[in-house]
Amino acid sequence: MDAVLRKTKLKKGLNATFVTTVTAAVLAIFLMPFLYMILTSLKTQTQITILGAPFWPAAPAQYTYEGEDLGTYTYQMDLGGTMSDVIIDMNDYVGRDLDMYMVPIDGEIQNLALLKGYNSASVFLDPQDPAAGPFMWTGYYKGLERGWEISPTWQNYTDVWELINYPRMLWNTFFYAFTTTIGILVSCIVVAFGFSRFRFPGRDFLFIVLISTIFLPGAVTIIPTFTFFSQIGWVGTWLPLIVPSFFANAYDTFLLRQYFMTLPRELDEAAYMDGASPFRVLWSVIIPQSYPAIVAVTIFHVVWAWNDYFGPLIYLSTKMDSQPISVALARFNGIYGQQPQYIQAGALMTLLLPVILFFAAQRFFVQGIVITGVEK
Amino acid sequence: MEELVRGLPKLPSLKSIRHLTPLAKQEYRNGLLYLSPWILGFLAFTLIPMIATLIFSFMNIKITDGVLNPPQFVGFDNYETLFGDPQVWNMRPNSTPGSLWITIRFGLIALPVGILLPLGLALMMNNKHLKGQSFFRSMFYMPYIIPFVASVFLWGGILNPETGWVNRTLIALGIPKENTPGWANDINWVYPTYVIMGIWGIGNAMLTMLAGIQGVPTDLYDAAEVDGAGKLATFWNVTFPMISPVIFYNLVLSVVGLFQYFLVPLVINAGTGRPGGATMFYNLYLYKTFFTNQNMSYGSTLAWILFLVILVVTVVMFATARYWVYYASDKG
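One line per chain: the protein sequences are W and Z, in this order. Each step along the first sequence adds one to the number in the working numbering, with nothing skipped, and position 96 is 237. Each step along the second sequence adds one to the number in the working numbering, with nothing skipped, and position 49 is 267.
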């Protein structure tokens, strides 16, 4: 009996290890681009273009010869078909940075500093033991692999900070997210209250119309809307992006309405008995009970505004100083597309805030999605 | 559409306005008052623009040098142009396909991935042996919230033909450089590349499917076990029918999204249709017609056809849904 129990326990443990390991492996592949982004953003352009360079940020390793009081050495080498004397005066190398190579000697790879290299032979110094003096190695040094050492290039971030005008773009994005969040909150709370707390003919029809707009392609309204905003001189300003947010949208209204429906009506009725107006009920009864839904809508909308690309692109294409970070990043890619380290540094600076917000407020994300997604 | 409001608590709805009591009239007025921001917005930013788009599609309106030419009524001319437009319809082999076929061909790869991948992940999350479910759930969802422009550049970096990790790995494994995929620049690989770039958008679908799976009553599983059903049979006869409404909801969203797909080619291949015209998606063609060529009326025609195509596809999907989507309330 005991043995059987132990056996099932062991089997359970093995299953858990197996399933969790497989899931973790899938997750690792899924999130690989983040690792690529971080590592690439710390590389130099040189490292990125060298085939066979390590995948971590590195610089070709170097060794600085301090001058161990070595003298002059002479080697016999085959230079272009004739044997010649190569003279190495170690005093010439004092304080110089020497490139490191992986040199195979007696079947063992050694990390050595190159003093002088030719096609047929080269002279190396062992940084582990410089006092042993230089020695000759027969072979083509350019065929050797370079030694690398960890060397993150933080410079990329400061470069991109200035090239992309990051503080300005960040401010624009904040401004866009903040103003439209205010608009969405004010209008969607009011409309969701209307949908959840009043009964009147046509209400359910209007609700279906509201939900249908989720499926409506934006293309079918954009041409007259853009033309109209262009005629009244709003293209090139923030107004076409901000003003519509004060007229409620389907997603956020739906989420808030679903939440309001779960609140007991007894409290409303008690307030009405005391002579409260509908607005008073919304303000003092509904809103104080709805913080989780309101926080969820706020977070969803901030992330949405942070990520929005097409709206700002068409309305602010001529006003580079007003663009939010997503548009700026795409424009930046058009200029520095051949420099992955800049693009990845820029991408990191773009996605950092939403990611932080996500980890700070995970609970609300999961709740909000389940409300909008499953209950439909 | 009625599935959307099914299961929500319903208030008794009144039949006719004329028979309303004064109190009900008061409530009617208040209701409309609170709905007014949305009603106004719907009229101004949805209904009127939609009608205007329809009117534009029957006119000839062009902007030349920033000046609106006097519009003329041209009947169905724009629709005739559209139905003869090879940039929309062309299906002949060995030539650049029309934008509608490009969209559908891409959908044949993107839609299965967009449904099966989140479903597979949701099933993985739901495995009873998995430790740290909530950690994995958060981490698989997380990329969903990062800006799409950034995620396109991250995947684009990994898939860069010269400097990306994937091709570097392939070369290190001994595959000759000329045989490695050119990804976004390669006509044979550009659709898979776009699908990979969109993989981070599955978080929402995964969470809704997971919530659906977790909502399946356990007594159904117990009954299946008593009947001696295997794992596959249980999934097919219990889990799948129970979560089919969630799958259906995600499928509708994906199809509607597919016909509007254009931002990735706009960012990655500059909206040029490169390589070889393979990325001139329908919606991209539409936006180019309006924003680049400033042809308002033909753009509007393309937009209305897009709207009708989406409408027909959605209606067909809802009509076929009763054959495979299971609603508990239908069958009591």
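The beta-carbon is built from N, C-alpha and C at its ideal position, and this holds for glycine as well.
Beta-carbon gap between residue i and residue j smaller than 7 Å
i	j	result
residue 413(Z)	residue 320(Z)	no
residue 360(Z)	residue 369(W)	no
residue 336(Z)	residue 424(Z)	yes
residue 376(Z)	residue 174(W)	yes
residue 416(W)	residue 301(W)	no
residue 262(W)	residue 277(W)	yes
residue 444(W)	residue 363(Z)	yes
residue 255(Z)	residue 389(W)	yes
residue 325(W)	residue 442(W)	yes
residue 508(Z)	residue 495(Z)	no
residue 204(W)	residue 245(W)	no
residue 519(Z)	residue 296(Z)	yes
Whole-angstrom distance between residue j and residue i, CA atom to CA atom
i	j	result
residue 604(Z)	residue 333(Z)	In the structure as shown, chain Z begins at 219 and stops at 550. Residue 604(Z) is therefore absent and cannot be evaluated.
residue 296(W)	residue 177(W)	18 Å
residue 117(W)	residue 200(W)	Limits of chain W in this structure are 142 at one end and 517 at the other, which puts residue 117(W) out of reach.
residue 410(Z)	residue 404(Z)	10 Å
residue 536(Z)	residue 529(Z)	11 Å
residue 135(W)	residue 431(W)	Because chain W in this structure spans residues 142 to 517, residue 135(W) falls outside the shown range and cannot be described.
residue 483(Z)	residue 249(W)	50 Å
residue 232(Z)	residue 467(Z)	The predicted model places residue 232(Z) with a pLDDT of 49, which falls under 50 and marks its position as unreliable; any figure quoted below should be read in that light. So the alpha carbons of these two residues sit roughly 30 Å apart.
residue 278(Z)	residue 288(Z)	9 Å
residue 503(Z)	residue 487(Z)	14 Å
residue 219(Z)	residue 356(W)	Residue placement at residue 219(Z) cannot be trusted, given a pLDDT of 41 that sits under 50; what the coordinates show is reported in the next sentence. Their backbone Cα atoms lie some 11 Å apart in a straight line.
residue 234(W)	residue 479(W)	37 Å
residue 517(W)	residue 455(Z)	Note that residue 517(W) has pLDDT 41, beneath the 50 cutoff, so the model's placement of it is unreliable and the number below is only indicative. Their Cα atoms are separated by approximately 23 Å.
residue 161(W)	residue 170(W)	14 Å
residue 306(Z)	residue 501(Z)	10 Å
residue 364(W)	residue 323(Z)	27 Å
residue 394(Z)	residue 485(W)	27 Å
residue 431(Z)	residue 347(Z)	16 Å
residue 227(Z)	residue 246(Z)	Reliability of the predicted coordinates at residue 227(Z) is poor, the pLDDT of 44 falling under 50, and no value is obtained from them.
residue 192(W)	residue 168(W)	28 Å
residue 346(W)	residue 314(Z)	44 Å
residue 548(Z)	residue 478(Z)	Caution is warranted here: a pLDDT of 47 is assigned to residue 548(Z), below 50, making its placement in the model unreliable, and the coordinate value is therefore given only provisionally. Each residue's Cα considered, the two are about 33 Å apart.
residue 292(W)	residue 231(W)	28 Å
Cβ distance (whole Å) where residue i is taken to contact residue j below 8 Å
i	j	result
residue 243(W)	residue 286(W)	5 Å
residue 164(W)	residue 354(Z)	6 Å
residue 361(W)	residue 521(Z)	5 Å
residue 470(Z)	residue 532(Z)	6 Å
residue 427(Z)	residue 461(Z)	6 Å
residue 386(W)	residue 321(W)	4 Å
residue 252(Z)	residue 384(W)	Rounded, the Cβ-Cβ distance is 20 Å, inconsistent with contact.
residue 368(Z)	residue 491(W)	5 Å
residue 197(W)	residue 211(W)	In fact, because the Cβ distance is near 34 Å, the residues do not count as touching under 8 Å.
Chain-ordered chain Z contacts of residue i [CB-CB under 8 Å]
i	result
residue 447(W)	365
residue 354(W)	260, 264
residue 463(W)	Simply none; closest approach about 17 Å.
residue 405(W)	Those within 8 Å of residue 405(W) in chain Z number zero; the least Cβ separation is about 12 Å.
residue 492(W)	364, 365, 368, 369
Neighbour list for residue i in chain Z, Cβ cutoff strictly below 7 Å
i	result
residue 364(W)	271, 274, 508, 514, 517, 518, 521
residue 160(W)	345, 347, 348
Cross-chain neighbours of residue i in chain W, by beta carbon under 9 Å
i	result
residue 290(Z)	Those within 9 Å of residue 290(Z) in chain W number zero; the least Cβ separation is about 17 Å.
residue 453(Z)	Residues of chain W passing the Cβ test: none, with the nearest at roughly 16 Å.
residue 532(Z)	356
residue 378(Z)	481
Partner residues on chain W for residue i, Cβ-Cβ distance less than 8 Å
i	result
residue 528(Z)	356, 358
residue 501(Z)	358, 360
residue 477(Z)	358
Interface residues of chain W facing residue i [CB-CB closer than 7 Å]
i	result
residue 356(Z)	503
residue 373(Z)	174
Within chain Z, partners of residue i - CB distance below 9 Å
i	result
residue 394(W)	256
residue 387(W)	255, 259
residue 292(W)	Those do not exist, as residue 292(W) stays about 18 Å from chain Z at its closest Cβ, beyond 9 Å.
residue 397(W)	Ordered by position in chain Z, no residue passes the 9 Å Cβ test against residue 397(W), which lies about 12 Å from the chain.
Query raised in the report: At a Cβ cut of 8 Å, what residues of the region 508-524 of chain Z count as close to chain W, listed as they run along the chain?
Result: Cβ contacts with chain W: 508, 509, 514, 517, 518, 520, 521, 522, 524.
Requested in this report: Check distances from the C-beta atoms of the region 424-456 of chain W to those of chain Z and list, in chain order, the residues that come in under 8 Å.
Outcome: Residues are counted here when their Cβ sits less than 8 Å from a Cβ of chain Z; for the region 424-456 of chain W these are 444, 447, 448, 450, 451, 455, given in chain order.
Report task. Name, going along the chain, the residues of the region 281-310 of chain Z whose beta-carbon falls closer than 7 Å to a beta-carbon of chain W. Result -> Against chain W - using a Cβ distance shorter than 7 Å - the region 281-310 of chain Z contributes no residues.
Requested in this report: Taking only beta carbons into account, state which residues of the region 475-490 of chain W come closer than 7 Å to chain Z, listed in chain order.
Outcome: Along the region 475-490 of chain W, going in chain order, the ones with a CB nearer than 7 Å to a CB of chain Z are 481, 484, 485, 488.
Report task. Would you list, in chain order, the members of the region 302-335 of chain W that have their beta-carbon closer than 7 Å to a beta-carbon of chain Z? Result -> Those residues of the region 302-335 of chain W that come within reach of chain Z (Cβ to Cβ, closer than 7 Å) are 328, 331, 332, 334, 335.
Query - Residues within the region 259-278 of chain W neighbouring chain Z, beta-carbon criterion of under 8 Å - result: Hits within the stretch: zero.
Query raised in the report: Name the residues in the region 177-201 of chain W whose C-beta lies less than 9 Å from a C-beta of chain Z; which are they?
Result: Within the region 177-201 of chain W, the residues whose Cβ lies closer than 9 Å to some Cβ of chain Z are 177, 178, 181, 189, 190, 192, 193, 196, listed in chain order.
Query raised in the report: When you check each C-beta in the region 144-160 of chain W against every C-beta of chain Z, which residues fall closer than 7 Å?
Result: From the region 144-160 of chain W, only 156, 157, 160 have a Cβ closer than 7 Å to chain Z.
Query raised in the report: Going along the region 479-491 of chain Z in order, which residues come within less than 7 Å of chain W, judged by CB to CB distance?
Result: Going along the region 479-491 of chain Z in chain order, one finds 481, 485 with a Cβ nearer than 7 Å to chain W.
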